[in-house]
Amino acid sequence: LGIDLTTLGLNLNSSENLHKTFASPWSDEPAKGEPEFMIPECYH
Amino acid sequence: DLGAIGDNIGGNANSGGVHDLVYNTQMLEAAFYKLPQPKDSERAKSYTPRHPAATPPSYPQVQAPIVNNPAFWERLGLDTLGTDTLFFAFYYQPNTYQQYLAAKELKKQSWRYHRKYYTWFQRHEEPKIATDDFEKGTYVYFDFHLANDDPNQGWCQRIKADFKFEYSFLE
Amino acid sequence: VMEPDASSFQKQVSLLFAEWYRLSELPSGTDTPCIRFVIQLHQNGLLRGDDITERFFRVLLEISVSHFGEVMQSSQQVQSSFLAIDIYAKLVYSILKHCPVDQGSSKLFLLPKILAVTVRSIQKDADEKKEDFNPRPYYRLFINWLLDFGSLDPVHDGINFQVLSAFANAFHALQPLKVPAFSFAWLELVSHRTFMPKLLAGNSQKGWPFLHRLLVDLFQFMEPFLRNAEMGELIRFLYQGTLRVLLVLLHDFPEFLCDFHFSFCDVIPPSCIQMRNIILSAFPRNMRLPDPSTPNLKIDLLDEMSLAPRILSEVDAALKAKQMKADVDEFLRTRQQSSPFLSDLKQRLLLPPSEASHAGTCYNVPLINSLVLYVGMQAIQLLQARNRSQPQSVSSDPLAAKAALDIFQTLIRDLDTEGRYLFLNAIANQLRYPNTHTHYFSVILLYLFSDAHQEIIQEQITRVLLERLIVNRPHPWGLLITFIELIKNPDYNFWNRTFTRCAPEIENLFETVSTSCG
Numbered sequence: 001l002g003i004d005l006t007t008l009g010l011n012l013n014s015s016e017n018l019h020k021t022f023a024s025p026w027s028d029e030p031a032k033g034e035p036e037f038m039i040p041e042c043y044h
Numbered sequence: 045d046l047g048a049i050g051d052n053i054g055g056n057a058n059s060g061g062v063h064d065l066v067y068n069t070q071m072l073e074a075a076f077y078k079l080p081q082p083k084d085s086e087r088a089k090s091y092t093p094r095h096p097a098a099t100p101p102s103y104p105q106v107q108a109p110i111v112n113n114p115a116f117w118e119r120l121g122l123d124t125l126g127t128d129t130l131f132f133a134f135y136y137q138p139n140t141y142q143q144y145l146a147a148k149e150l151k152k153q154s155w156r157y158h159r160k161y162y163t164w165f166q167r168h169e170e171p172k173i174a175t176d177d178f179e180k181g182t183y184v185y186f187d188f189h190l191a192n193d194d195p196n197q198g199w200c201q202r203i204k205a206d207f208k209f210e211y212s213f214l215e
Numbered sequence: 216v217m218e219p220d221a222s223s224f225q226k227q228v229s230l231l232f233a234e235w236y237r238l239s240e241l242p243s244g245t246d247t248p249c250i251r252f253v254i255q256l257h258q259n260g261l262l263r264g265d266d267i268t269e270r271f272f273r274v275l276l277e278i279s280v281s282h283f284g285e286v287m288q289s290s291q292q293v294q295s296s297f298l299a300i301d302i303y304a305k306l307v308y309s310i311l312k313h314c315p316v317d318q319g320s321s322k323l324f325l326l327p328k329i330l331a332v333t334v335r336s337i338q339k340d341a342d343e344k345k346e347d348f349n350p351r352p353y354y355r356l357f358i359n360w361l362l363d364f365g366s367l368d369p370v371h372d373g374i375n376f377q378v379l380s381a382f383a384n385a386f387h388a389l390q391p392l393k394v395p396a397f398s399f400a401w402l403e404l405v406s407h408r409t410f411m412p413k414l415l416a417g418n419s420q421k422g423w424p425f426l427h428r429l430l431v432d433l434f435q436f437m438e439p440f441l442r443n444a445e446m447g448e449l450i451r452f453l454y455q456g457t458l459r460v461l462l463v464l465l466h467d468f469p470e471f472l473c474d475f476h477f478s479f480c481d482v483i484p485p486s487c488i489q490m491r492n493i494i495l496s497a498f499p500r501n502m503r504l505p506d507p508s509t510p511n512l513k514i515d516l517l518d519e520m521s522l523a524p525r526i527l528s529e530v531d532a533a534l535k536a537k538q539m540k541a542d543v544d545e546f547l548r549t550r551q552q553s554s555p556f557l558s559d560l561k562q563r564l565l566l567p568p569s570e571a572s573h574a575g576t577c578y579n580v581p582l583i584n585s586l587v588l589y590v591g592m593q594a595i596q597l598l599q600a601r602n603r604s605q606p607q608s609v610s611s612d613p614l615a616a617k618a619a620l621d622i623f624q625t626l627i628r629d630l631d632t633e634g635r636y637l638f639l640n641a642i643a644n645q646l647r648y649p650n651t652h653t654h655y656f657s658v659i660l661l662y663l664f665s666d667a668h669q670e671i672i673q674e675q676i677t678r679v680l681l682e683r684l685i686v687n688r689p690h691p692w693g694l695l696i697t698f699i700e701l702i703k704n705p706d707y708n709f710w711n712r713t714f715t716r717c718a719p720e721i722e723n724l725f726e727t728v729s730t731s732c733g
């Protein structure tokens with residue numbers, strides 16, 4: 001009968017993209033530390 | 045009994061694989077005890093200052109973790125004193141997450157980065173002219189006032205009237 | 216000039232690596248010493264891209280991995296030392312960034328070679344060490360590179376895509392069927408936030424086929440383990456990890472799952488109903504789905520129902536592989552009843568006995584899936600053309616649409632229980648978000664139900680729908696509207712079928728599901 005997918009640690013109703021804080025397929029915790037960020041060239 | 049015939053988890057070769065099921069199961073089991081750990085993905089966060097200076101050991105020797113927390117920067121954006129701190133982080137911590145967060149917060153406070161002048165501008169009033177390519181009006185901008193004899197040399201916010209902000213320079 | 220023989224070559228490379236380590240630990244803020252070092256390597260003839268280059272990087276990798284260890288700290292903490300791996304990753308990044316390249320060639324010309332060396336080393340290490348193989352240093356190496364190359368300025372979009380596709384090819388070569396001991400690290404890399412989202416976002420979707428291939432690699436590895444509904448702890452762990460990745464895709468990149476649903480259904484075993492439902496529940500983000508339980512919902516009046524879904528999988532590949540496509544086209548064109556096409560159909564869908572045992576079924580499931588969707592698509596095109604040219608026509612359906620129905624009715628009649636289940640699954644796999652396929656196959660399924668001469672067929676049609684509805688969510692929209700139509704529309708006389716009352720728990724089940732469907 002499958003499983004309750006809301007118990008896998010992902011906020012499926014989030015308005016934000018999940019991949020930014022997706023830590024690992026083996027963890028139901030969000031990624032810690034700096035998420036992905038991009039510094040435009042002209043900031044240098 | 046109305047579905048596909050049952051499984052045959054046995055030693056049959058996998059479709060297209062080079063190993064059989066038993067071997068794959070053994071390898072999976074071994075790998076299960078050597079999963080990547082969260083720290084395997086994290087890099088040393090040591091921020092190496094461009095010109096490291098020796099400071100007394102009583103001074104913090106590493107950045108406080110809070111500088112990685114976006115909420116900390118959002119708080120700064122809400123209080124005018126904090127705005128200067130945002131500019132400090134932007135200009136003195138290049139290529140770091142702090143610079144990224146400071147820029148994000150400045151943008152939220154309606155500052156706009158001018159790519160040609162490397163300067164942040166904020167409308168002082170509604171622009172007099174606005175087209176698809178530029179807007180023109182009076183702006184506040186954050187600048188470094190360089191005047192050796194002037195005691196209040198340093199970062200300051202100045203007003204610039206009649207400035208044309210071409211959108212091709214908007215980052 | 217580097218010594219050709221192995222031991223002195225190894226020694227020289229080791230000395231160079233030590234020199235690099237010393238340089239990269241310098242606190243200087245500039246890259247100058249590193250750049251000078253890279254140019255020196257280039258002048259030594261180590262970066263030409265020839266077999267010396269391959270040996271150079273292979274030896275460096277072996278040295279780095281040999282220095283990976285887990286040291287027990289005083290605090291009983293196990294501290295993994297990735298220092299050598301990190302230093303090696305940084306050397307590769309510096310080489311690719313600063314190595315002088317001939318006019319016109321890409322700055323990244325060495326990347327595929329370095330990745331090929333890495334892939335071969337991992338395969339060799341895994342084959343030799345078997346259970347003792349440790350994936351973690353290699354995982355760390357790839358993460359370093361993904362983070363470093365990810366910081367390349369997005370302006371060089373081409374560079375970004377070159378890097379991503381090179382890594383996608385490397386991960387394909389390291390797929391679980393080839394290196395099972397690397398499976399968990401592999402899926403973590405493939406789904407990593409520095410890789411998967413970049414492969415899917417931007418680059419005008421050029422990265423989609425790469426991720427599609429990697430997911431098929433994963434499903435093919437898992438398929439034999441997943442045929443059995445009961446999973447051991449190990450497979451359950453891998454299965455749940457896969458569900459997490461699919462949920463991220465469903466939430467952030469649903470269009471990717473929509474467009475490749477057909478080939479994913481080929482490699483997901485019929486027993487993996489919830490996993491398949493995740494893929495079939497995906498719908499384009501700009502679409503709003505009407506609540507299926509809306510009273511008097513006129514689905515055929517929905518605008519989206521007249522739009523064909525985008526399908527990036529090659530629908531007729533299996534038909535071509537079995538030299539069936541020409542015969543199918545011929546029958547759709549002529550609908551010649553005398554041809555042996557229909558009577559031979561069942562036989563042609565069977566697997567040779569030699570293949571049936573490891574496939575876990577007597578039938579060629581991808582071939583059935585291909586036949587059903589290909590035939591349906593031909594019929595839909597002609598029906599739409601007819602409706603466009605004669606909007607109010609009451610003329611009979613085009614020949615091919617009737618021929619398509621002949622094929623479906625032949626299959627439902629001639630196939631045995633298992634074959635019919637797989638055939639009905641192939642139809643139910645098209646019941647997704649509002650589009651022409653959902654509409655057509657929903658009508659076909661209900662037509663086959665009402666047209667059936669044996670109740671066992673109606674029971675099987677009901678079973679195929681029901682087993683997809685009783686599993687935990689999500690449930691595809693097209694599945695819900697089809698089942699609701701079946702139980703609500705008196706034409707199907709559903710509730711008077713004996714099987715709806717064959718046992719108290721079955722009766723409860725139907726009540727529960729029909730209640731939950733509103």
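Chains as they are written, first to last, in this note's numbering: chain A, 1 to 44; chain R, 45 to 215; chain X, 216 to 733.
The beta carbon of each residue, even a glycine, is placed where N, CA and C say it ideally should be.
At a cut-off of 7 Å between beta-carbon atoms, R:Ser154 makes no contact with chain X.
For the 7 Å CB-CB criterion, X:Ala718 and X:Val679 do not form a contact. The three-state reading of DSSP puts R:Ile173 in strand, counting E and B together. Your pair A:Leu12 and X:Asn687 does not check out as a contact, with CB atoms roughly 12 Å apart and the cut at 8 Å. Judged by DSSP in its simplified three-state form, R:Asp206 adopts strand. Excluding its 5 nearest sequence neighbours in each direction, X:His257 has C-beta neighbours in its own chain below 7 Å: Cys314 and Pro315, listed in chain order. For R:Tyr77, no chain A residue has a C-beta closer than 9 Å to its own C-beta; the minimum C-beta separation is roughly 12 Å.
For the C-beta of X:Arg503, not a single chain A residue is nearer than 7 Å; the gap to the nearest is close to 16 Å. By the CB criterion at 7 Å, X:Gln225 and X:Val274 fall inside the cutoff. In the three-state reduction of the DSSP assignment, R:Trp164 falls in the strand class. The beta carbon of X:Pro350 sits closer than 6 Å to the beta carbons of Phe397 and Ala400 from its chain, once the five residues preceding and following it are set aside; these are given in chain order.
Annotation for R:Tyr185: the continuous beta strand (DSSP E) segment containing it runs Phe178 to His189.
When Cβ-Cβ separations below 7 Å define contact, R:Tyr183 makes no contact with chain A. If you keep only unbroken alpha helix (DSSP H) runs of at least 4 residues inside the segment 591-672 of chain X, you get 614-629, 632-643 and 651-666.
The residue from X:Leu564, X:Ile526 and X:Val334 with its alpha-carbon nearest to that of X:Ser478 is X:Ile526.
C-alpha of X:Ile702 to C-alpha of X:Phe709: approximately 6 Å in a straight line.
Interface annotation, R:Asn68: in contact with chain X, CB-CB separation under 7 Å.
The beta carbons of X:Val590 and X:Ala641 sit about 10 Å from each other, so the pair does not count as a contact at 8 Å. In the structure shown, A:Phe22 adopts extended strand secondary structure according to DSSP, grouped into three states.
Within the segment 16-34 of chain A, contact with chain R at the beta-carbon level (separation under 9 Å) is assigned to Ala23, Ser24, Trp26, Ser27, Glu29, Ala31, Lys32, Gly33 and Glu34.
The segment 101-120 of chain R and the segment 173-182 of chain R do not touch, with fewer than 3 CB-CB distances between them shorter than 8 Å.
For the pair of segments examined, the segment 166-174 of chain R was found not to touch the segment 74-83 of chain R: the number of CB pairs separated by less than 8 Å stays below three.
In this structure, X:Pro391 lies near X:Phe436, with their beta-carbon atoms less than 7 Å apart. Close partners of X:Met592 in chain A (Cβ separation under 9 Å) are lacking, with about 30 Å as the shortest Cβ gap. Under the 8 Å Cβ criterion, the segment 508-516 of chain X does not count as touching the segment 455-475 of chain X, having fewer than three qualifying pairs. Proximity of X:Asp467 to chain A, defined by a Cβ-Cβ separation below 7 Å, is satisfied.
Using a Cβ distance threshold of 7 Å, X:Arg548 and A:Phe22 do not count as a contacting pair.
The shortest C-alpha to C-alpha distance from X:Leu472 to any of X:Gln552, X:Ile494 and X:Arg716 is the one to X:Ile494. Just measuring C-alpha positions, the residue of X:Leu311, X:Tyr236 and X:Lys344 sitting nearest X:Ile329 is X:Leu311.
For R:Glu215, the C-beta contacts it makes with chain A under 7 Å involve Pro40 and Cys42, in order along the chain.
Listed in chain order, the positions of the segment 394-418 of chain X with a beta carbon within less than 7 Å of a beta carbon of chain A are Phe399, Leu402, Glu403, Ser406, Arg408, Thr409, Met411 and Pro412.
Interface flag for X:Leu449 against chain R is set, since a Cβ pair is found closer than 7 Å. The DSSP assignment places complete alpha helix (DSSP H) segments of no fewer than 4 residues inside the segment 452-506 of chain X at 469-474, 476-482 and 488-495, in order along the chain. At a cut-off of 7 Å, the C-beta of R:Pro138 has a neighbouring C-beta in chain A.
Boundaries of the beta strand (DSSP E) around R:Arg156: Trp155 to His158.
At a Cβ-Cβ threshold of 7 Å, R:Arg167 and R:Phe213 do not count as neighbours.
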